[in-house]
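Start counting the sequence shown at 38; every next residue gets the next number (this note's numbering). C-beta: ideal position from N, C-alpha, C; glycine also.
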Amino acid sequence: MPPWETIEEAPEGDYSVFSVRRQRVRSPTSGQTADFHVIDAPDWVNVVPVTSGGEVVCVRQYRPGTDEVTLEIPGGMIDAGERPVEAARRELLEETGCTADPFVS
């Protein structure tokens with residue numbers, strides 16, 4: 038199937054962790070147009086820290102979208118120029134105060 042043609046694109050919002058843009062595209066087969074919202078987000082890491090006792094370390098985070106505190110594994114954005122494993126180590130330390138050795142990626 039040939040790709041759809043983007044005929045118009047406009048930013049819709051720029052937020053701390055991602056941006057949103059609207060794309061109007063045309064179907065290569067029918068010629069019909071449709072609007073899509075595209076979320077652009079930076080690369081991200083998640084860490085599954087397991088203690089020597091086999092327990093997974095989690096963090097509690099408030100999430101405004103659900104208006105709830107959730108239980109999650111640590112994670113966050115990869116900074117510019119940062120390797121994913123470096124970001125994972127940094128996020129683990131920032132969110133839990135823990136380090137890991139060995140660190141398996």
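As the crow flies, the alpha-carbon of Arg100 is around 36 Å from that of Arg63.
Secondary-structure assignment with DSSP links Met114 through a beta bridge to Trp81. Taking C-beta separations shorter than 6 Å and ignoring five residues to either side along the sequence, the partners of Asn83 in its chain run Ile110, Gly112, following chain order.
Counted as a single uninterrupted DSSP element, the stretch harbouring Glu119 is not any beta strand (DSSP E), since DSSP gives it neither H nor E. Counting C-beta pairs with one atom in each stretch, the segment 43-57 and the segment 68-86 have three or more that are closer than 8 Å, which means they touch.
Nearest to Ser89 by alpha-carbon distance, out of Val75, Ser142, Asp138, Ala124, is Asp138.
Membership of Gln60 in the beta strand (DSSP E) is indicated by the continuous run 56-63. Annotation: Gln69 is outside any beta strand (DSSP E) and is labelled neither H nor E by DSSP.
Distance from the Cα of Val141 is smallest, within the candidate group Val94, Thr133, Pro86, Asp104, for Pro86.
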